[in-house]
Amino acid sequence: MNTSKPESVLVYVGLDRVGDGLLKLPFVRGLRKAFPDAHITWLAGKETSVYASVLAPLVEGFLDEVIEYAGIGLHPSELLRKPLTGRRFDLVIDSQKIFWASLSLWRIPHKTFISPAARFLLSSKKPPKGYKFPKSMQRQLLDLLELASGETFPTPSGLDLHPSPRYRVDALKLLPVGAEYVGFAPGSGGKPKCWDLENFIRLAQAQADQGRIPVFFLGPQEPEWMAPVRARVASSLFPLQQKNNGFDPLFTIALAERMSASVSNDSGVGHMIALAGKPLVSLFGPTVPEKFMPMSERLTIIEAKDFGGREMARIPYATVAEALGEAVVS
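In my numbering, the protein residues as written are 286 to 615.
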């Protein structure tokens with residue numbers, strides 16, 4: 286063991302959804318690169334982490350332990366008890382900025398504590414004078430890792446995730462060569478982030494009228510949308526429902542590789558589609574792209590705030606239709 290590096294590392298997050306988990310992967314990989322021999326514990330203080338479920342295969346070998354529902358960051362009364370009784374860590378990295386939650390986390394025995402809360406007030410190491418915490422969640426985490434490790438971690442342009450040959454064969458069977466496919470991801474983890482399904486159906490109708498095949502990426506909570514889509518656009522396909530691959534993100538990426546272009550809300554599926562490297566029109570309302578932008582160099586962002594507010598209903602159909610038309614031929 287290299288004694289100049291920590292032997293145990295704890296990373297605190299509130300929770301991880303699929304989109305968050307994909308954006309955080311460069312940080313997770315960087316942790317293992319910076320601390321190759323450490324036991325790395327990932328702690329979701331408020332809820333669940335996809336690193337313990339659907340994204341677990343992507344962090345195998347990088348994280349040694351994932352703790353969910355740790356009860357840290359929920360209420361200031363936590364300060365009356367000690368979190369993670371009996372545990373101690375050489376390095377604790379707090380990814381959040383809520384001071385009382387950071388103070389609760391700080392009470393876990395440690396040697397080094399890294400936290401951006403209250404302008405790094407509790408942090409053992411602090412950034413140089415004049416430093417500004419980035420808006421991008423991904424860059425925030427990489428900056429914390431740089432502070433903790435003393436090493437440099439550039440912002441990656443992609444994740445270099447490769448679907449298995451089996452997934453690509455499955456995708457090719459479902460979406461054969463000879464047709465042009467356009468993807469639609471109308472769901473999201475929160476309804477306020479969803480552009481109306483009717484708009485996606487209208488887009489699909491327009492693409493079908495031009496000879497393309499609409500492909501709907503529906504998650505496990507959205508199968509009831511199949512009927513209204515099929516009733517209006519009979520040529521639509523639903524590959525995630527046709528082939529059961531456990532909604533593995535790598536299978537979704539394999540399917541997205543078959544698209545000429547796609548439209549998505551700010552969602553986990555949208556982040557998966559972006560990683561396929563094909564053009565994506567990404568719609569934002571209550572969330573901000575500066576923090577949650579998908580990893581893609583072929584991205585068109587449309588924000589509700591440019592049309593007078595944060596509600597998704599403010600995004601005009603015509604604006605998205607025009608952007609999709611340009612993306613399909615790009």
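Even for Gly, the Cβ is constructed at its ideal location relative to N, Cα and C. Values in this document were obtained by computation on a predicted structure and should not be read as measured data.
Alpha carbons only, please: which of the options is nearest the one belonging to residue i?
i      : options                        : result
Pro534 : Ala319, Pro448, Pro579, Lys410 : Pro448
Arg487 : Ser389, Ser581, Pro342, Glu607 : Glu607
Asp551 : Ala589, Gln527, Ala516, Ala541 : Ala589
Gln425 : Lys576, Ala539, Leu295         : Lys576
Lys563 : Phe398, Leu540, Gly570         : Leu540
Ser409 : Ser567, Leu308, Val462, Trp391 : Trp391
Phe320 : Gly555, Val467, Ala433         : Ala433
Pro524 : Leu308, Thr537, Met580         : Thr537
Ser581 : Met557, Phe374, Tyr336         : Met557
Phe374 : Leu364, Pro571, Val514, Thr397 : Thr397
Val303 : Gly504, Ser615, Ser521, Gly593 : Gly504
What is the DSSP secondary structure of residue i, counted as helix, strand or coil?
i      : result
Val294 : strand
Thr604 : helix
Thr326 : strand
Asp375 : strand
Thr397 : strand
Asp445 : coil
Ser334 : strand
Asp481 : coil
Ala386 : helix
Val573 : coil
Lys590 : helix
Gly555 : helix
Phe438 : coil
Ser408 : coil
Gly610 : helix
Gly315 : helix
Give the range of the beta strand (DSSP E) segment to which residue i is assigned.
i      : result
Trp510 : Note, Trp510: premise wrong, no beta strand (DSSP E); not H, not E.
Phe501 : 498-501
Bridge partners for residue i per DSSP, in chain order?
i      : result
Ser547 : Gly468, Leu565
Thr585 : Val566
Glu345 : Leu348
Trp522 : Looking at the sequence shown, residue 522 is not Trp but Leu. According to DSSP, Leu522 bridges with Val500.
Asp301 : Ser334
For residue i, report the span of its alpha helix (DSSP H) as first-last.
i      : result
Ala355 : No alpha helix (DSSP H) contains Ala355, which DSSP labels as neither H nor E.
Glu431 : 422-434
Thr537 : 534-541
Ala598 : Careful: Ala598 lies outside any alpha helix (DSSP H) and carries neither H nor E.
Val339 : Here Val339 belongs to no alpha helix (DSSP H), and DSSP marks it neither H nor E.
Lys417 : No alpha helix (DSSP H) contains Lys417, which DSSP labels as neither H nor E.
Pro450 : 450-459
Query raised in the report: Any contact of the region 326-333 with the region 353-371, i.e. 3+ C-beta pairs under 8 Å?
Result: yes
Query - At least three beta-carbon pairs within less than 8 Å, the region 411-427 to the region 304-324 - result: Yes, the region 411-427 touches the region 304-324.
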